[in-house]
Ligand code: DON
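Residue numbers (my numbering): 1 to 570.
If you want it as structure tokens, here you go:
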């Protein structure tokens, strides 16, 4: 990372914010509600959409609908109404917490070996590019659900900024160009997608306007008819026809059957903090609980920097081992969550850690996992009443399946690749899964997305990030940094490192370790792998209950925008 640039950007944001807070903050802090609201998202136009809804009397949940829908328009490479995600909600008035699971589902005609050829080998790219890679989208149902059950405003109001952005267009920037370039050949293969996201079949120049009238119409149908505007009627018909023409297997029944599920989040205590995160079919909360439980058994503040990093890495190794073996869709497989998140399990794992040397992954049973980039998206919202939302949304790979059913404007996800197509064969992120994550009709693929809250008597944090299998370790590093007393600008810009059990390497950003640290970790037996790029795009908020201040920060690696403001209920 360009440290100077990131410091400057973060500093400017906090500077502007602090000035504002000192001007408007009441003299005595109310520890039950923040008074100030904040939004941190991966795109300025999405943050703006959420702010518009808060200013119009919406709560954090309405703003979440607006931000999700706006991201679906202006960050087509990350998430969309053709994709899914997890929305972690906290309702202030009764402290109710829930995870709205809008994860994609395998079509009913899906089968375990659908991505294998006659010889039983995985067909390259079949689960990544094109209509057969697409799961049944969950985002439209989730937005309708959140608006109806938790919002104050009608769904149609909260979708308005996104509809406007789709009709009027948004301007291509360098970030868009990079991701379009990455998927250029696949986008070029689908005339409908190329017509929307490319310019004359090539990556659009900076300043080119992407206008999406079909997507605006589909969003308008959802605004008018809710769920039915997408999962039934003419939009559903066009989606199914387009998917089938592209070699996919969706049916009208698949769409009509889709339901979001409200799931109890995973909770874990760590150093006086209460961490709440995503439950299966995400592996995030369980893995975070395992790592934090293991780390709780160490006096972290008494460890030198290298030993600290070593035990963190060893906790990652063990949590990802469990992930590879046990986790999948809880509606299909029995997951021993209480055992995996128990102190007893962590204690046994912690006792196997030696401070002066690695535990080679080859000495532990499990399966291979790997990497992720900067597509997928996360946003964090806090409103003045203390309601909050952490949401991580995805179409999986950049621009998803790179296919749009004609006339719908809906970019299909390629989330089917998050299943294990065949034991032992890695997916696009290098993930190799177990039986628990095999393809079955109607099943949700295992995810790493980890929208997270951290709460203590002193404050409340909302955070998360994209980044494939590295999502969970990024959130872990953020939690540890919060426990050390730092604020969101630090969590989002921290140098990152990651271990996922297999391959048995410590992947790290270029600036993550200095020479002493590298030497010390290498001496312990770690194999370090410096990545040639930064990763992640964290969006975070912290409300300090004691001072009343609210801090928000967007990862300097991305183009996100975080804002804090005062909104009065009308
Ligand atoms: O659900 C998951 O874990 C993946 N589909 C997320 C993909 C992702 O974060 C891509 N990355 N940057």
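Ideal placement from N, C-alpha and C gives every residue a C-beta, glycine not left out.
Which value, in whole angstroms, describes the spacing of the CA atoms of residue i and residue j?
i           : j           : result
residue 566 : residue 70  : 22 Å
residue 75  : residue 341 : 35 Å
residue 548 : residue 361 : 45 Å
residue 444 : residue 277 : 18 Å
residue 160 : residue 473 : 36 Å
residue 339 : residue 345 : 7 Å
residue 556 : residue 322 : 32 Å
residue 273 : residue 485 : 12 Å
residue 244 : residue 131 : 8 Å
residue 290 : residue 249 : 38 Å
residue 43  : residue 559 : 6 Å
residue 333 : residue 320 : 18 Å
residue 391 : residue 380 : 7 Å
residue 238 : residue 203 : 27 Å
residue 355 : residue 313 : 11 Å
residue 282 : residue 316 : 16 Å
residue 152 : residue 95  : 17 Å
residue 475 : residue 537 : 11 Å
residue 297 : residue 348 : 10 Å
residue 275 : residue 492 : 17 Å
residue 388 : residue 523 : 44 Å
residue 435 : residue 423 : 8 Å
Would you check whether the ligand DON has a heavy atom nearer than 6 Å to the C-beta of residue i?
i           : result
residue 466 : yes
residue 449 : yes
residue 376 : yes
residue 396 : yes
residue 418 : yes
At what residues does the alpha helix (DSSP H) containing residue i begin and finish?
i           : result
residue 150 : 139 to 150
residue 520 : 515 to 523
residue 561 : Careful: residue 561 lies outside any alpha helix (DSSP H), inside the beta strand (DSSP E) at 561 to 566.
residue 462 : Element bounds for residue 462: not the alpha helix (DSSP H) but the beta strand (DSSP E), 459 to 463.
residue 230 : 228 to 231
residue 468 : Here residue 468 belongs to no alpha helix (DSSP H), and DSSP marks it neither H nor E.
residue 43  : No alpha helix (DSSP H) contains residue 43, which DSSP labels as neither H nor E.
residue 277 : Residue 277 -> not in any alpha helix (DSSP H); beta strand (DSSP E) instead, spanning 273 to 277.
residue 552 : Where residue 552 is concerned, there is no enclosing alpha helix (DSSP H), although the beta strand (DSSP E) it sits in stretches over 550 to 554.
residue 391 : No alpha helix (DSSP H) contains residue 391, which is instead part of the beta strand (DSSP E) from 388 to 394.
residue 218 : 213 to 225
residue 73  : 60 to 74
residue 158 : 155 to 168
residue 204 : No alpha helix (DSSP H) holds residue 204; DSSP gives it neither H nor E.
residue 399 : That residue, residue 399, is in no alpha helix (DSSP H); it is neither H nor E in DSSP.
Is DSSP giving residue i helix, strand or coil here?
i           : result
residue 268 : strand
residue 544 : strand
residue 435 : helix
residue 491 : helix
residue 111 : coil
residue 181 : helix
residue 590 : For residue 590 there is no data in the structure shown, the boundaries of the chain being 1 and 570.
residue 84  : strand
residue 302 : helix
residue 256 : helix
residue 367 : Legend: pLDDT at residue 367 = 38, less than 50; position of this residue unreliable, no value from coordinates given.
residue 500 : coil
residue 557 : coil
For residue i, does the count of other Cβ atoms within 10 angstroms reach 16, so buried, or fall short, so exposed?
i           : result
residue 462 : buried
residue 111 : exposed
residue 27  : Reliability of the predicted coordinates at residue 27 is poor, the pLDDT of 48 falling under 50, and the value obtained from them is presented with this limitation in mind. Answer is exposed; the Cβ neighbour count stays below 16.
residue 398 : buried
residue 174 : exposed
residue 534 : buried
residue 562 : buried
residue 148 : exposed
residue 32  : exposed
residue 127 : buried
residue 190 : buried
Which residues mark the beginning and the end of the beta strand (DSSP E) in which residue i is found?
i           : result
residue 288 : Looking at the DSSP string, residue 288 is not in any beta strand (DSSP E); the run it does join, the alpha helix (DSSP H), is 284 to 296.
residue 589 : The structure shown does not extend to residue 589, since the chain is modelled only from 1 through 570, so no value can be given for it.
residue 507 : 506 to 508
residue 573 : Residue numbering for the chain in the displayed model covers 1 to 570; residue 573 lies beyond these limits and cannot be assessed.
residue 261 : 261 to 263
residue 528 : 528 to 530
residue 455 : 452 to 455
Answer yes or no: does any C-beta atom of chain B fall closer than 7 Å to that of residue i?
i           : result
residue 319 : The structure shown contains no chain B; it is built from a single protein chain.
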